[in-house]
Amino acid sequence: MQERPEWREFEERTGDIFEELGYDIMRNVNFKTTRRYQIDLIAFNRVRAFFVDCKDHFYIPPSKEENFMIEQVARMKNYVETNASFAWKNNVALLVTKYRTSSLINHKEGVGKILAVDINSLNELLSNLPVYESELLSFKGIL
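Going letter by letter, the sequence shown gives residues 251 to 393 in my numbering.
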């Protein structure tokens with residue numbers, strides 16, 4: 251029997267956390283607009299959808315993390331443009347890292363957005379979403 255790669259287990263665990271909190275999950279979403287896209291995970295409920303990019307790198311430099319998020323926002327935007335059922339939701343781009351990330355720790359209110367969270371903090375973020383609501387990079391409909 252072939253073992254699952256570590257990164258696959260990490261993506262599955264990320265989806266499991268969302269499911270445990272009542273979100274529906276779509277995994278490895280592939281779609282095409284003017285080019286092909288892939289989203290690791292879309293976790294959604296009646297009002298919100300998280301477009302999740304899972305990164306299992308031991309260390310992600312802040313500039314590279316920012317580039318990952320810019321790409322994820324573009325994928326999210328393109329997906330929402332082609333899927334009307336997401337147009338009315340609060341759509342949130344989220345980077346989930348396997349190892350600790352500085353994005354949540356160094357976040358300063360009014361300065362930046364919560365764009366990334368390590369998997370060990372994901373449950374806390376989702377369970378206390380009203381606390382972080384105003385800081386999430388989210389949009390309804392098309393940017």
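Glycine residues also receive a C-beta, built at the ideal position from the N, C-alpha and C atoms.
As the structure is a computational prediction, the values presented were derived from the model and not from experiment.
What number of angstroms, rounded off, separates the C-alpha of residue i from the C-alpha of residue j?
i, j, result
"V361", "L386", "The pLDDT assigned to V361 is 47, lower than 50, so where the model puts this residue is not dependable, and the model offers no usable value."
"W338", "I369", "27 Å"
"E256", "T283", "30 Å"
"S335", "R350", "33 Å"
"S371", "I267", "11 Å"
"I258", "F301", "Residue identity check: residue 258 is Arg in the sequence provided, not Ile. Going by the C-alpha atoms only, they are around 17 Å apart."
"M326", "N341", "8 Å"
"F281", "Y329", "7 Å"
"I310", "D290", "18 Å"
With distances taken Cα to Cα, identify the nearest neighbour of residue i among the options.
i, options, result
"E262", "I292, T284, Y287", "I292"
"R286", "D266, L344, I267, A324", "A324"
"D274", "F281, R296, F308", "R296"
"P380", "R298, E321, C304, Q288", "R298"
I need the boundaries of the beta strand (DSSP E) containing residue i, first residue and last residue.
i, result
"L344", "340-347"
Tell me the residue span of the alpha helix (DSSP H) that contains residue i.
i, result
"F260", "256-270"
"L372", "369-377"
Practice task
Pick out the complete beta strand (DSSP E) segments inside the region 272-331, 3 residues or longer, and give them in chain order.
Solution key: Taken in chain order, the complete beta strand (DSSP E) segments of 3 or more residues contained in the region 272-331 are 274-282, 286-294, 298-305.
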